[in-house]
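Here is the structure we will look at.
There are 4 protein chains.
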Amino acid sequence: MEFMLSKNRKVKLALGFNDVSLVPSLSTIDPVDTDVSFELGGTRYELPIIAAAMDGVVDVRIARLFSEFGGLGVLNLEGIYCRYDDYDEILKKIVESDDERVTGLFQKLYQQPVLPELIEKRIVEIKSGGLKAAVSLTPAGALKFAEVVEQAGADVLVIQSTVVSTQHRSKSGGVLDVAKLISGLTIPVILGNCVTYDVAYAQMEAGAAGILVGIGPGQACTTRGVTGVGIPQITATADCAAARDDYFEKTGRYVNVITDGGMRQGGQICKALAAGADAIMTGSIFAGCPESPAAPYHWGMATPDPNLPRGTRVKSSVSVPLKQVLFGPSSVTDGTQNLVGAIKSAMGLCGAETIREFHETQIAVSLSFMTEGKQLQMSQRVGMGK
Amino acid sequence: MEFMLSKNRKVKLALGFNDVSLVPSLSTIDPVDTDVSFELGGTRYELPIIAAAMDGVVDVRIARLFSEFGGLGVLNLEGIYCRYDDYDEILKKIVESDDERVTGLFQKLYQQPVLPELIEKRIVEIKSGGLKAAVSLTPAGALKFAEVVEQAGADVLVIQSTVVSTQHRSKSGGVLDVAKLISGLTIPVILGNCVTYDVAYAQMEAGAAGILVGIGPGQACTTRGVTGVGIPQITATADCAAARDDYFEKTGRYVNVITDGGMRQGGQICKALAAGADAIMTGSIFAGCPESPAAPYHWGMATPDPNLPRGTRVKSSVSVPLKQVLFGPSSVTDGTQNLVGAIKSAMGLCGAETIREFHETQIAVSLSFMTEGKQLQMSQRVGMGK
Amino acid sequence: MEFMLSKNRKVKLALGFNDVSLVPSLSTIDPVDTDVSFELGGTRYELPIIAAAMDGVVDVRIARLFSEFGGLGVLNLEGIYCRYDDYDEILKKIVESDDERVTGLFQKLYQQPVLPELIEKRIVEIKSGGLKAAVSLTPAGALKFAEVVEQAGADVLVIQSTVVSTQHRSKSGGVLDVAKLISGLTIPVILGNCVTYDVAYAQMEAGAAGILVGIGPGQACTTRGVTGVGIPQITATADCAAARDDYFEKTGRYVNVITDGGMRQGGQICKALAAGADAIMTGSIFAGCPESPAAPYHWGMATPDPNLPRGTRVKSSVSVPLKQVLFGPSSVTDGTQNLVGAIKSAMGLCGAETIREFHETQIAVSLSFMTEGKQLQMSQRVGMGK
Amino acid sequence: MEFMLSKNRKVKLALGFNDVSLVPSLSTIDPVDTDVSFELGGTRYELPIIAAAMDGVVDVRIARLFSEFGGLGVLNLEGIYCRYDDYDEILKKIVESDDERVTGLFQKLYQQPVLPELIEKRIVEIKSGGLKAAVSLTPAGALKFAEVVEQAGADVLVIQSTVVSTQHRSKSGGVLDVAKLISGLTIPVILGNCVTYDVAYAQMEAGAAGILVGIGPGQACTTRGVTGVGIPQITATADCAAARDDYFEKTGRYVNVITDGGMRQGGQICKALAAGADAIMTGSIFAGCPESPAAPYHWGMATPDPNLPRGTRVKSSVSVPLKQVLFGPSSVTDGTQNLVGAIKSAMGLCGAETIREFHETQIAVSLSFMTEGKQLQMSQRVGMGK
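Residue numbers (my numbering), protein chains in the order written: chain Z, 1 to 386; chain H, 387 to 772; chain V, 773 to 1158; chain P, 1159 to 1544.
Laid out in structure tokens, this is it:
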């Protein structure tokens, strides 16, 4: 929906998680009969929840756990794990720092160079025993390290920055030709992030096997406050999904839309999938798990930026083991555990057997979710804090 | 009102209690001259407020009290009252549990089997002395126990789950054929819950004497946060009421629309009735009454779910006796007492002699209720907390 | 603006104070050159701010003060002043009661009968020395006491209830024929309250010299929470002003629209006047003045209702003398002092020389007032609380 | 977007910072290649951020610092610096006053007359060593002192009041003929404030080199609460920018639109520029810098008004040096440092090489910014408070 901001300027209405809910359908389905898998680069993944490439969320161990669960935990190859061989000490420093000094500490720690031999080492560690390795690089890192990544045997490469542009201009050169890079690789590439139809379509044309949707919505990201740039996730997901559907109709190639960021509860994950996502990526939900590398802390990829850090170290409340967060049983009622169960439950209520059927769900928009819904959550949170 | 979410996807605007208010009419009527009754299965009920089938809200004693008041208090036949003969001890355990352990306790207590002989016993206890018994079962429970319920002499059977679908698919079988069940019973059946025109119409076609409207709005229910599914109550009620009116026009049979959940004050009950409900169902309003079985606690039907509990134990502030909550006089000014008086007062201002006339009330929508209205309530709550 | 709630039901968008702001005009005017007076029943009043008929706001002394200032302070003839000759003791009891017992105390105190001789006495006391007396009665009171009021020499009679209907139905009889009553009186009558075009027009046809606009918006009134009935004040005022303009065009008689309730700051008063009001009525703004009869408390007219009290005793923070609240100078910057100065300042910015010109002001609607505007107010309040 | 408020009255939807976000573009650009300069009166300024003419924000030293940075810090010529030769003692009194007495203190201190010799002295002090001097006067002050200002060699004159009208009426005379004044001066004049197309266009026709946009949005200004007058900044900026574009098309003269007030973070500044501003003016952001004259306090120009003060003394949290606030590096992630870096980063994401290209950015509107966005900011603020 568009309307006029001024005499000569249109604005577009955009919706986020708290603005919408899913409409149950006439026909329902038994949750146990639903299928939540998605396919990426010829491989089927049973778990539509991907762990984000944040140093406080995914280390080698977590990457392996996600692969065991049938999913993907993405290791950030430009984070501390490929800058330091013995990273335990580094994590300890971060966990023990106080709030005031931690941004400076990040800025210092991330100045250490990324080592190609550590990239190779981490990929081998993840894959050991036949598991899948998903890893991430920035566009600048991809120029340098994409070849190493492929040779080390990674299964999925994520190229991720605040935005990854197929049409980037820089007078200093060094611009990544995304399409050329992808065409030179044999492994599937996920590109991110984007929030609009046009950029999503261009990334698909550049050969992406998946695209990450979301600028600034995550808990550890402050891009929106710092630069004013961003789109709420429901509209961003639906617009990028429309690009996917059009691209699929034209080319026959189905590219995965992966909503990345802003989800803290099962309900929000269900909304992202119903809005058009094939899978979702999240970090903060897992940061409180006991297996988490820097529990209870995590931080964003833009946090260590030396000039304009756009993220904070966030403290999560202590949670249950990762497996219980993903598959239950849930011991709480606030939607933070048994995420797969929540998805299956929502698909059952909306009569969707697969996630692609779930994309047909009717969505309702309401002012009152802000009050009805949130009030409830707030009172529960208060109650649980006791 | 619909508008475009993306290139190929529409969304529908939906409204909740806090978004609307009722417009007084040109012609007014003396509140004492209003009639708030409704008819269900040939019986007239003077009280349009039904107590919800929650173990913390309705036991045998409360069910009898509601019948004495001319209304219905629904006993949950799959709750603790039909799992344990001596349930006082069980209630005591729940009341004495702390917040952290109570979800686990619920999950354990509700694993005890439901006993047909206790179903029969409770119905007989409620009816003793000529009172009416309304009882509830889940669809799975209805497959097993509907016959027992009818034979025991229940007057109204509520078949209730998060949604009750007339078109449910399950590979493991055991699906309830709602229409067949109803046609085999002689007592009126209320089906629930639903939130859309299509499902409401299908439930009427299946023979329902009443339908329950509401998914996720209640204080003790977190379906919306956990699964993202739900519709705000004003739109849900108005849509289901439109189905009732169309079905009535086509068949001549009038099916009761009963708004279930999300109401804490008289004003919200009035809004539900004006939006199209013939009666309303609520639990939390009564949980603080001294007669309440687990006062001051109550909990939802989805709370004990072993895998994905979607509800919490909620603590209410201590209230006045049930009769005063329903019929006054009110000793407070926040709309939580004399609910029938509030309905009659609103009907007077809107010039409606009967609830079916009240369905013609004009409704206003406003952003400002969120601020004007709520601010007031908040300041009062703060003031009263002292 | 109307849109569809369901298949067959329209709802109307309504706006409140926090939703709007006033647009400054191309042409501005010196505030000292503006004229804020209004005319009622042939008399010109210099002060467009009327003190509400609340026992905690207007006693004989305050009524006299308002008349001296060129305005009207309305004495409630069915309040404690005409039930008790020595009311000081009664006020003291109310002030000294605690929050929990005060509703019951009100219910008891207001059961004492209203005495015609006290009505006469109070009117004479107010008028002493040539001042104007404005007094209020409920419709039921008007049936009994209107004649006494006129004979005692009152200058303005306000007939006020939650709504005053020209088409009220009651099987028990005793319905006030408003038009007949007014035609039998020689003094101007203000009727209230109403919130819609139709009712406003009907009250003008019944002979009202002024109408009060507002149901449930006041700080001491909880009608909206208790019954769900009400309309936000900007839309209510604009709709009733449209009725006034149409009635004036048809009959040549100009009836005053008086916005009643919901205003706490100069900015809200300015918005009401710009939305179409000729004057405004408020109680809570004056309750904190040292001259106030039950300072720092006040309460609403529906507070003492024996069955369904719809109002609370509200505590105000201590303020400056009444004259300073009305005419300044202001020692604070939150809009609670120098209300007339604020009106003149707004009229200057909007280029209006008279209040009827002020009715032409363009109004802007915004979501962001809820955040931009209110955030500011909140931070100030926090700052001032220290 | 307009819609009907009542039968005969339209209202216009207006948007503020919290309602919108910027949509990243298909084509992006390296932030280091962006150009943030603007041109005023033939001089190019590298810094599009102007320090507001508030006594607590700009003294001679800060004015010089801004000029050194390539920008403008406007000295208020009717503030304490031109009323008192030794102003340090005055600032000390203000800083040491308590909250309750400070409004009265302001009212007293600002009664001292403005001295022409101090005006001259301050301008000479600022310009010493070849720097630029920007100074401000009210319309009344401009009548008296504009000549002195020009003769003293000021480079930019700002004529500023709540609104500066080209069509002001006053029976007491003394009205500034803005067009005549400007035509008699050789230095560029910035007029302010305005919020609508019509007034912006009229100010351009009167010869303004720049216009200030914003009524009531600033942290130290309460015009909106006191008088109800104001327009949220995104709509105000876009409307005034539309006037600039139309005026430019007609006359070939490009007038700068300068958004003034309401911005606390880089993201809000980026939004103002994308909405059509050529530069922005802010005070509160700098008030916490150690160089600030009354750190950590500042106050608005309408604060000392003797009758209707419309502003408060605001306390800022202590910040980093001014240079770091403007150019970084940032040690925090909340958008309050490295403002120029934030602008360049946003321009890069939106593919804009110059600020005039940035005016083409697509803007999204969302309810959810109020929740998604603000929640984030709030949790961070809470986290940082510890």
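All C-beta atoms in this analysis are idealised placements derived from N, C-alpha and C, irrespective of residue type, glycine included.
From a predicted model like this one, the values you see are computed outputs, not experimental measurements.
Exercise. To the nearest angstrom, report how far apart residue 1383(P) and residue 792(V) are at their CA atoms.
Key: 11 angstroms
Quiz item: Which runs of the alpha helix (DSSP H) fall wholly inside the segment 407-441 of chain H and span at least 4 residues, in chain order?
Solution: Residue ranges of uninterrupted alpha helix (DSSP H) with 4 or more members are absent from the segment 407-441 of chain H; none lies entirely inside it.
Exercise. Name, going along the chain, the residues of the segment 1378-1398 of chain P whose beta-carbon falls closer than 7 angstroms to a beta-carbon of chain V.
Key: Going along the segment 1378-1398 of chain P in chain order, one finds 1380, 1382, 1383, 1384, 1385, 1386, 1387, 1388, 1389 and 1390 with a Cβ nearer than 7 angstroms to chain V.
Quiz prompt | Contained beta strand (DSSP E) runs [length at least 3] in the segment 579-658 of chain H, N- to C-terminal order | solution = 596-599 and 642-646
Quiz prompt | Residues that residue 845(V) contacts on chain H, provided the C-beta gap is smaller than 7 angstroms | solution = Within chain H, no residue comes near residue 845(V); the closest Cβ sits about 24 angstroms away, beyond 7 angstroms.
Practice problem: Give a yes or no on whether 8 angstroms exceeds the smallest Cβ distance from residue 54(Z) to chain P. | Solution: It does not: the Cβ of residue 54(Z) has no partner Cβ on chain P nearer than 8 angstroms.
Practice problem: Have a look at residue 374(Z) and residue 232(Z) and give me their C-alpha separation to the nearest angstrom. | Solution: Because residue 374(Z) carries a pLDDT of 36, less than 50, the predicted location of this residue cannot be relied on, and no value is offered for it.
Self-check item: Short-range partners of chain Z found in the segment 1442-1470 of chain P, where Cβ spacing is below 9 angstroms
Solution: Residues passing the 9 angstroms Cβ filter: none.
Quiz item: For residue 327(H), which option in 289(Z), 175(Z), 301(Z) and 334(Z) has the closest C-alpha, if you only look at C-alpha atoms?
Solution: Because chain H in this structure spans residues 387 to 772, residue 327(H) falls outside the shown range and cannot be described.
Exercise. Flag residue 1539(P) as yes if its beta-carbon sits less than 8 angstroms from any beta-carbon of chain V, otherwise no.
Key: Residue confidence for residue 1539(P) is low, a pLDDT of 28 falling below 50, so the modelled location carries little weight and cannot support an answer.
Practice problem: Name, going along the chain, the residues of the segment 4-18 of chain Z whose beta-carbon falls closer than 9 angstroms to a beta-carbon of chain P. | Solution: 4, 5, 6, 7, 8, 9, 10, 11, 12, 13, 14, 15, 16, 17 and 18
Quiz item: When we look at the beta-carbon of residue 1058(V) and count the other beta-carbons within 10 Å, is it buried (16 or more) or exposed?
Solution: It is buried - the Cβ of residue 1058(V) has at least 16 other Cβ atoms within 10 Å.
Quiz item: How far does the alpha helix (DSSP H) with residue 953(V) in it reach, from first residue to last?
Solution: Where residue 953(V) is concerned, the enclosing alpha helix (DSSP H) stretches over 950-956.
Practice problem: Apply the 10 Å Cβ neighbour rule to residue 1303(P) and answer buried if 16 or more other Cβ atoms are within range, or exposed otherwise. | Solution: buried
Quiz prompt | Own chain residues within Cβ distance below 6 angstroms of residue 845(V), not counting five before or after | solution = 823, 830, 834, 835 and 838
Self-check item: Limits of the unbroken beta strand (DSSP E) element including residue 929(V)
Solution: 928-932
Quiz item: Name the chain Z residues that come within less than 8 angstroms of residue 1426(P), Cβ to Cβ?
Solution: 228
Quiz item: Which partner residues of residue 1325(P) appear in the DSSP bridge assignment?
Solution: 799(V)
Quiz prompt | Partner residues on chain P for residue 171(Z), Cβ-Cβ distance less than 8 angstroms | solution = 1188, 1190 and 1191
Quiz item: Which whole-angstrom value is the C-beta distance of residue 1102(V) and residue 1465(P), which I expect to be below 8 angstroms?
Solution: 7 angstroms
Practice problem: Verify whether the separation of the beta carbon atoms of residue 403(H) and residue 648(H) is less than 8 angstroms. | Solution: The criterion of a C-beta distance shorter than 8 angstroms is satisfied by residue 403(H) and residue 648(H).
Quiz item: Starting from residue 1054(V) and walking both ways along the beta strand (DSSP E), at which residues does that stretch end?
Solution: 1051-1054
Quiz item: Going along chain B in order, which residues have a C-beta closer than 8 angstroms to the C-beta of residue 1043(V)?
Solution: The structure shown has no chain B; the protein chains it does contain are Z, H, V and P.
Self-check item: Cβ-Cβ distance between residue 309(Z) and residue 302(Z) below 8 angstroms
Solution: yes
Quiz item: Using a Cβ-Cβ cut-off of 7 angstroms (strictly less than) and excluding sequence neighbours within five positions of residue 741(H), which residues of its own chain qualify?
Solution: 422, 424, 434, 659 and 664
Exercise. In angstroms with no decimal places, state the Cα-to-Cα distance between residue 1422(P) and residue 222(Z).
Key: 14 angstroms
Quiz item: Considering only C-alpha positions, which residue in the set 884(V), 886(V) and 907(V) is nearest to residue 895(V)?
Solution: 907(V)
Practice problem: Could you give the DSSP three-state label for residue 1151(V): helix, strand or coil? | Solution: In this prediction, residue 1151(V) has a pLDDT of 30, which is less than 50 and means its spatial position is unreliable; what the coordinates show is noted afterwards. It is helical.
Quiz item: Taking Cβ positions only, does residue 937(V) come closer than 8 angstroms to chain H?
Solution: For residue 937(V), the answer is yes, since a Cβ of chain H falls inside 8 angstroms of its Cβ.
Quiz item: Roughly how many whole angstroms lie between the Cα atoms of residue 873(V) and residue 317(Z)?
Solution: Answer to the nearest angstrom: the Cα atoms are 42 angstroms apart.
Quiz item: When the Cα atoms are used, what is the spatial distance from residue 902(V) to residue 1043(V)?
Solution: 33 angstroms
Quiz item: If we call anything under 8 angstroms between Cβ atoms a contact, is residue 573(H) one with residue 401(H)?
Solution: No, the Cβ-Cβ distance between residue 573(H) and residue 401(H) is not below 8 angstroms.
Practice problem: Please work out which residues of its chain come closer than 7 angstroms, Cβ to Cβ, to residue 569(H), disregarding the five sequence neighbours upstream and downstream, and give them in chain order. | Solution: The beta carbon of residue 569(H) sits closer than 7 angstroms to those of 593, all from its chain and outside the five residues before and after it, given in chain order.
Quiz item: What's the C-alpha gap between residue 1271(P) and residue 826(V)?
Solution: 47 angstroms
Practice problem: Please confirm whether residue 794(V) and residue 1122(V) have their CB atoms less than 8 angstroms apart. | Solution: yes
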